[in-house]
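Sequential numbering from -3 applies to the sequence shown in the working numbering.
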Amino acid sequence: MCEANAYLRQDGKEEIFMEMVDKVIPEADGLVLEDIFGRRKQIKAKIAELALVDHRIILERGQA
């Protein structure tokens, strides 16, 4: 499978934000993440890192 898990990095720690992410959609005030089932979560964050081989999306809060 090609989906990834999204993690929120805060204070040097990473916590899972959303599993099985299929789409990352940039918006004016942050990001919308959609999983393989069509469920969506919105977050005011930026992409800090994409580790595609490891299927990881690292997010950091703040302005997108």
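Note that the Cβ used here is the ideal one computed from N, Cα and C, for glycine as well.
Note that this is a predicted model, so its numbers are computed, not measured.
Helix or strand or just coil, what does DSSP make of Ile32?
Position 36 of the sequence shown, counted from the first residue, corresponds to residue 32. Three-state result, Ile32: coil.
Sequence-distant residues of the same chain with beta carbon closer than 6 Å to Met16, five excluded per side
For the purposes of this step, residue 16 is identified with residue 20 of the sequence shown, where counting begins at 1. The residues are Glu(-1), Asp31 and Ile32.
Alpha-carbon to alpha-carbon, Glu11 and Cys2:
Within the sequence shown, the letter at position 6 stands for residue 2. Within the sequence shown, the letter at position 15 stands for residue 11. Here residue 2 is Ala; the residue named in the question, Cys, does not match the sequence. Spanning the two alpha carbons is a distance of roughly 9 Å.
I need the straight-line Cα distance from Leu46 to Leu4, nearest angstrom please.
Numbered from its first residue, the sequence shown carries residue 46 at position 50. Numbered from its first residue, the sequence shown carries residue 4 at position 8. In a straight line, the C-alpha of Leu46 is about 12 Å away from that of Leu4.
Residues in the same chain with beta-carbon distance under 7 Å from Asp18, minus the five sequence neighbours each way, listed in chain order, please.
In the sequence shown, counting from the first residue as 1, residue 18 sits at position 22. Excluding positions up to five away in sequence, the list reads Glu(-1), Glu30, Asp31 and Ile32.
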